[in-house]
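Participant: Here my numbering is used: position 20 in the sequence shown is 1099, and no number is missing along the way.
Just dropping this structure here.
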Amino acid sequence: MTTMERTTECLTSSEKWQVERVGTLLPGEYDFRSDAINTAWADAFKSGRETEKQSLAVMMRPPRGYAVVLVSGVAEFGPNRLGSWDEI
């Protein structure tokens, strides 16, 4: 499979991601894991859970207490559940 075929397949896959906060799924589904991660950070900032400046490397994963979870489809890249660096 070529890189172009793999990229096209990824863009047409039916992955659906949700954000989990302290073990509870938040409303909303996302086609891309990155969108779910962004939503997790936005929710954390809005709720006051994260107020300090964060590095880009840290923001590549959800903040403490959050995870993004694959709720339908097959993950093309990486795990079906991605939590914060604290979970590693």
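Quick reminder that beta carbons are idealized off the backbone N, C-alpha and C, glycines included.
Keep in mind that this is a model prediction, so the values were computed, not measured.
1. Roughly how many whole angstroms lie between the Cα atoms of R1112 and Q1133?
2. Using a 10 Å radius around the Cβ and a threshold of 16 neighbouring Cβ atoms, would you call R1160 buried or exposed?
3. Does the separation of the CB atoms of S1093 and G1144 fall below 9 angstroms?
4. Express the C-alpha separation of A1119 and L1149 in angstroms, rounding to a whole number.
5. From I1167 to V1098, what does the alpha carbon distance come to, in whole angstroms?
Facilitator: Let me lay it out:
1. Counting from 1 along the sequence shown, the entry for residue 1112 is found at position 33. Counting from 1 along the sequence shown, the entry for residue 1133 is found at position 54. Roughly 19 angstroms separates the two Cα atoms.
2. The residue you call residue 1160 lines up with position 81 of the sequence shown. Result: exposed.
3. As a first step, residue 1093 must be located in the sequence shown, where it is residue number 14. As a first step, residue 1144 must be located in the sequence shown, where it is residue number 65. No, Cβ-Cβ distance for S1093 and G1144 is not below 9 angstroms.
4. Taking the first residue of the sequence shown as 1, we reach residue 1149 at position 70. Taking the first residue of the sequence shown as 1, we reach residue 1119 at position 40. So the alpha carbons of these two residues sit roughly 14 angstroms apart.
5. Looking up residue 1167 in the sequence shown gives position 88. Looking up residue 1098 in the sequence shown gives position 19. Cα to Cα, the separation comes out at about 18 angstroms.
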